[in-house]
Structure formats: structure tokens, C-alpha cells
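*Asks:* For the sequence shown, position 223 matches number 223 in the UniProt record's numbering, and the numbering has no gaps at all.
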Amino acid sequence: MLRFVYNFYQRVAAKRMFAHWAPIYEDGVAENAYSAADEVAKSVIKHLALHSDTNAEITVADIGIGTGLLAQQIYDSLPCKITGIDFSEDMMASCAGRDITELLIKCDAGQDHWPLTDGAFRVVMSAGLVEYLTPEMLQHFISESTRVLQQNGFVVFTYIPNNNDSKIVWWHGYSGSYLSCSYKPEYMEHLIAKNGLEIIEHSLPFKGCVFGDGSSYEYRLITAKKK
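1) Comparing C-alpha positions only, which one of ALA93, ALA36, GLU144, GLY153 sits nearest to LEU70?
2) Three-state secondary structure (DSSP) at SER38?
3) Is it buried or exposed for PHE87, if we count other Cβ within 10 angstroms and need 16 for buried?
4) By the DSSP assignment, the alpha helix (DSSP H) with LYS106 in it spans what residues?
5) Going by CA-CA distance only, name the one from GLN139, VAL210, SER180 that's closest to GLY196.
6) When the Cα atoms are used, what is the spatial distance from GLY128 to ALA96?
7) Quick check on DSSP: helix, strand or coil for LEU116?
8) Compute the beta-carbon to beta-carbon distance between HIS47 and PHE154, rounded to the nearest angstrom, for a pair I have assumed lies under 8 Å.
9) Would you decide whether ASP108 is buried or exposed? Buried here means 16 or more other CB atoms lie within 10 Å of its CB.
10) Under three-state DSSP, which class holds PHE211?
11) Any idea if ASP118 is buried or exposed, counting beta-carbon neighbours within 10 angstroms, 16 or more meaning buried?
12) Report the rounded CA-to-CA distance for ASP62 versus VAL124, giving the unit in angstroms.
Below, the structure written as C-alpha cells:
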């Protein structure tokens with residue numbers, strides 16, 4: 001019962017938060033030195049150079065595309081076709097203005113079936129989404145990422161690490177209140193392996209965001225290949 005309440009609350013709270021946040025999101029990213037999108041972009045570009053057939057079309061799914069900050073970096077760096085998923089119409093409206101995606105789809109990536117074809121994507125990427133995903137939502141995210149990846153394709157995403165134990169805490173910020181989820185690195189690695197993925201990069205912690213009062217939080221990044 002508690003899990004159902006968590007999942008329902010998170011869905012409602014996050015939608016409300018992003019509706020409020022969308023008009024000022026990119027200003028906040030700049031002011032708080034938010035780095036998740038930059039780090040995911042670097043990893044995607046690096047591993048495409050190392051592992052891709054140069055003649056193959058690069059298809060990319062950006063899960064939780066938001067205003068398109070991450071997708072823009074990939075679009076500017078590589079010839080590719082980008083499909084974006086998000087559940088916030090307000091955030092996607094900002095992304096649509098960039099004119100960089102083949103398709104934008106409204107979908108709750110942590111709970112809904114992704115309306116994407118099996119094995120259709122060379123890359124699945126996501127920056128700053130996993131901290132909004134409860135354990136059940138996270139398992140769904142990894143499972144769906146695996147399903148839509150091509151053989152030898154890879155998924156890249158950030159998460160907030162917790163070295164003691166995975167946990168969910170209530171967070172209140174200027175953009176609203178929601179559940180913040182952090183995960184033990186060993187648990188993340190177990191979940192990746194359980195879904196038939198092979199980790200090719202698991203970064204050390206890095207500063208994900210530095211607020212005006214000097215407080216901050218850390219991310220880690222995982223890149224995993226579909227076997």
C-alpha cells in the first residue's frame with residue numbers, strides 16, 4: 001500500500017512541480033551549475049565514437065527530455081534522429097521550440113509503457129530523471145530502456161548515490177515538493193545486470209548542482225551496453 005502511495009504522490013507532485021518550473025528551468029540550471037546533461041552528453045558522444053558503426057543511422061531516445069538541454073548537445077554534435085519522452089507538456093513545449101526532435105511523446109517514463117518500437121534505438125539517455133523514480137519506477141525505466149535498445153546499443157543516465165542504503169526522502173525546493181530517491185551503487189549495478197546489460201562506465205561521484213547557499217548534491221553516471 002505504501003508503495004502505491006509513493007508512486008501516486010510522485011506522479012502528481014512531479015507534474016505540478018514541472019508545470020511551475022518550466023518557464024524558469026533553464027535559468028535555474030545556469031544559476032546552480034547543473035551538470036547532469038553535460039556529463040551524459042560527453043559519455044554519449046564518447047561511446048558512440050568508440051562503439052558505433054559509422055555508416056549506421058544513430059537513433060536516440062531522450063527519456064525525460066524536459067526542455068531539451070541534453071538533446072540539443074547531441075543534436076549539435078552528431079547526425080542523429082532524436083525521439084523525446086516526457087510527462088510535462090510545459091517542459092516539452094519549450095523543447096519543441098528547439099526543432100531538434102523527430103518526435104516528442106507525452107509519457108510517464110517511470111510508470112507507462114513507452115510507445116517506442118522494440119530494438120529501435122542506438123542510444124537511450126537520461127539526465128536528472130532517476131532521482132524522481134521510486135524503486136518500482138526505476139526497475140520499469142531500466143526494463144523499458146533494455147527493450148527499446150538495439151543489440152550493442154547503450155543506455156546512459158545519472159543517479160544520486162547513497163553509500164549507506166537506497167532511500168526515499170521528502171524534498172521541498174523553490175519549484176515544489178516531491179520525493180527524492182537515491183540509490184546504493186551496488187544496487188544499481190545489480191539491477192543493470194539483472195536486465196541483461198553490461199556496465200561499460202560507472203563514474204565516480206561528481207557535483208551535480210551547487211546552490212546559491214553553497215549546498216550541493218552529487219551524481220554518478222552509468223553507461224551500460226545491451227549484450
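Don't be surprised by glycine CBs; every beta carbon is placed ideally from N, CA and C.
*Replies:* In this structure, then:
1) ALA36
2) Here the sequence assigns Asp to residue 38, which means Ser is not the residue at that position. ASP38 falls in the helix class under three-state DSSP.
3) buried
4) Not the alpha helix (DSSP H): LYS106 falls in the beta strand (DSSP E), residues 103-106.
5) GLN139
6) 19 Å
7) coil
8) 6 Å
9) buried
10) coil
11) exposed
12) 6 Å
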